[in-house]
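To convert, take the position in the sequence shown, counting from 1, and add 735; that gives my numbering. Virtual Cβ for every residue (Gly too), placed ideally from N, Cα, C.
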Amino acid sequence: MRYQIKKDAEKKYTWQDYLTWPDEERWEVIDGVAYDMSPSPTPRHQIIAGNFYHILRNKLEGKPCRPLMPPLDVYLD
């Protein structure tokens with residue numbers, strides 16, 4: 736699946752820009768480029784993601800970290 740780049744592909748977007756966008760829109764900012772994450776994932780994608788989550792959850796049981804499922808805002812600097 737290919738995702739659309741936000742209108743102004745020349746602009747470098749920041750976390751602060753992202754925080755101003757409407758909550759009903761799904762975007763990811765990678766190296767300053769904003770990617771439209773619509774449409775929603777396919778059922779096949781969700782099955783794979785769910786299986787992956789289940790495996791991670793089992794492997795991490797009793798450890799201090801846990802896997803999380805989207806939607807979830809993650810900021811990596």
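- Where Tyr-753 is concerned, the enclosing alpha helix (DSSP H) starts and stops at 750-755.
- The three-state secondary structure of Ala-769, taken from DSSP, is strand.
- With respect to Tyr-810, Trp-762 sits apart: the two C-beta atoms are not nearer than 8 angstroms.
- The C-alpha of Val-764 lies about 33 angstroms from the C-alpha of Gly-797.
- Bridge pairing for Val-764: Ala-769 [DSSP].
- Met-804 sits close to Tyr-788, with the two beta carbons spaced by under 8 angstroms.
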